[in-house]
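Input: a single structure, listed below in structure tokens.
Residue numbers (the working numbering): 1458 to 1988.
Laid out in structure tokens, this is it:
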């Protein structure tokens, strides 16, 4: 490349990428993420060289090879890594896992000062309770490392030779297979960082285009830091007795930040936005933590103009759509929906109310508090077209695989969700704090609760990006299901609910709930179509 032979350089890069693909295809789950950790530079140089040579299609292929590759490979190739015993050795490992998970949950309850109902012996519980927070954190982390080691062993046993079997490089056909399937009024925007520059790939049914925004990455970093600080202050104000007084200033600051983010992320493709109704956003890096639907163009929020949905990678569009279409063709029986609500010992009063309202809308009975168990989710989830959980959630930045939702009998962690069977589920709604937050590993592999539910078979997921206000969430969810039951597509139903919430908040006195903190945390991932 330095000598000007771009064609030869492109061949070398392509071989390097093929070599990475070959090795990582033989690894299991998070082994792949670790392996890809230092390979981002190769994908980046291959992509930028393709752009220099005017080959936008090939550039997008390299970007897709780098994004949520582990999840994409597992879903497309139907690799089953659910835990199965199979023999006595496997049964022993499963028993060890059950014990370690229980101990991890107990130590976690000490570290995070939460309650835990478990199945350990009284002696074991007394021993754990005698441990202080510092020691408890070390004990918790030791068990988490051991759990991950045992899971890798079991996943290798479960997947068998399917992992090792060579598979076709499906991403090479992504451009030609994807864009013809997009609706006329749909625009897919895929983002990518190369050093300090931002690339925005635009897919429509007419083909692929790309825009370069030089020097955008450091600007985005600064703006996102300020945006997250604004959200933190909004959360504090929402919980304070006189917090309403802070919101005029916070709202003005938020709109300014969201306008500048709009100018960097959407204004460069403004001509492609004309006559569109649905935006599918494929974020990259720190953009996974940004709700594009609340960006502000100076007059209105993005969601007031477009329906918006998200994907970890463009390659998952087809998979999620096929799931949604298959479930829709079978016929969705709303009375089979599983709606769970847990008040967290009274701390989330609106969670139970939300579950009651949603269940009534769907024509089913809510499962509340002590009855809302992980065991019930395991047994009923596989037959439920909708799973709605309103509860307490905890995001673990230090260990995203152990981010969890607290159910009545135990914590439901991200690492456990992989073992659910949600093949009949059109929509999973996680109305809990930070259920959509992730850690980005590998090159751009999102690790958190969300990917587990997608692996488990759900067509779409409705999680949250921050610690939500439970009263606002209950109100928003009621409006969302109202729109959904009118026959609206999932992305359209969420947009309708958020528009109605914004309109209602603008006319209220005081009008502080128009701040995105109250309505923008929910975002739809996966299939955006009808139930």
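The C-beta atom is built at its ideal place from N, Cα and C for all residues, glycine as well. From a predicted model like this one, the values you see are computed outputs, not experimental measurements.
- Contact between the segment 1656-1671 and the segment 1749-1765 is absent: fewer than 3 CB-CB pairs across the two stretches fall below 8 Å.
- CA-CA distance, residue 1466 to residue 1654, rounds to 21 Å.
- Taking a C-beta distance under 7 Å as the contact criterion, residue 1871 and residue 1860 qualify as a contact pair.
- Excluding sequence positions up to five before and after residue 1784, its CB lies within less than 7 Å of the CB of 1842, 1881, 1883, 1916, all in the same chain and listed in chain order.
- Looking at the backbone, the Cα of residue 1679 and that of residue 1910 are separated by about 32 Å.
- Contact between residue 1823 and residue 1813 holds, since their C-beta atoms are separated by about 5 Å, short of 8 Å.
- Selection 1604, 1672, 1561 evaluated against residue 1592 yields 1561 as nearest (Cα-Cα).
- A straight-line Cα-Cα distance of about 40 Å links residue 1608 and residue 1945.
- Ranked by Cα distance from residue 1637, the first of 1478, 1503, 1665, 1515 is 1665.
- By the criterion of at least three beta-carbon pairs nearer than 8 Å, the segment 1949-1958 is in contact with the segment 1928-1941.
- Taking each of 1673, 1741, 1760 in turn and checking the Cα distance to residue 1717, the smallest one comes out for 1673.
- In this structure residue 1643 is buried. Its beta-carbon is surrounded by 16 or more other beta-carbon atoms within 10 angstroms.
- The beta carbon of residue 1858 is closer than 6 Å to those of 1871, 1872 in its chain, skipping five residues each way along the sequence.
- DSSP links residue 1921 through a beta bridge to 1979.
- For residue 1803, there is no enclosing alpha helix (DSSP H), since its DSSP letter is neither H nor E.
- Rounded to the nearest angstrom, the gap between the Cα atoms of residue 1834 and residue 1763 is 34 Å.
- Going by beta carbons, residue 1601 and residue 1856 fall inside the 7 Å limit.
- Looking at the DSSP output, residue 1650 shares a beta bridge with 1655.
- A residue is called buried when at least 16 other Cβ atoms come within 10 angstroms of its Cβ; residue 1867 meets this threshold and is buried.
- Judged by beta-carbon spacing, residue 1795 lies within the 7 Å limit of residue 1844, meaning their Cβ atoms are closer than that value.
- In the three-state reduction of the DSSP assignment, residue 1566 falls in the helix class, which pools H, G and I.
- DSSP places residue 1850 inside the beta strand (DSSP E), whose first and last residues are 1849-1851.
- Under the 10 Å beta carbon count, residue 1687 is surrounded by 16 or more other beta carbons and is classified as buried.
- For residue 1886, the uninterrupted beta strand (DSSP E) segment begins and ends at 1884-1888.
- Straight-line spacing of the CA atoms in residue 1517 and residue 1738 works out to 14 Å.
- Each residue's CA atom was taken as its position, placing residue 1986 and residue 1512 some 32 Å apart.
- If you ignore the 5 residues before and after residue 1505, its C-beta comes within less than 6 Å of the C-beta of 1651, all in its own chain and listed in chain order.
- Per DSSP, the beta-bridge partners of residue 1767 are 1738, 1982.
- Note on residue 1708: 16 or more other CB atoms within 10 angstroms of its CB, so buried under the neighbour-count rule.
- Every unbroken stretch of the alpha helix (DSSP H) spanning 4 or more residues and falling wholly within the segment 1817-1870 is given here in chain order: 1831-1837.
- Between residue 1865 and the set 1854, 1877, 1852, 1848, the nearest pair of CA atoms involves 1848.
- In the structure shown, residue 1752 falls within a coil segment according to DSSP collapsed to helix, strand and coil.
- Excluding the 5 residues flanking it on each side, residue 1564 has same chain C-beta neighbours closer than 8 Å at 1585, 1588, 1593, 1594, 1596, 1597, 1600, in chain order.
- Under the DSSP assignment, residue 1504 falls in the alpha helix (DSSP H) whose first and last residues are 1497-1509.
- Annotation: residue 1674 is outside any beta strand (DSSP E); the continuous alpha helix (DSSP H) that includes it extends over 1673-1696.
- Under the 10 Å beta carbon count, residue 1966 is surrounded by fewer than 16 other beta carbons and is classified as exposed.
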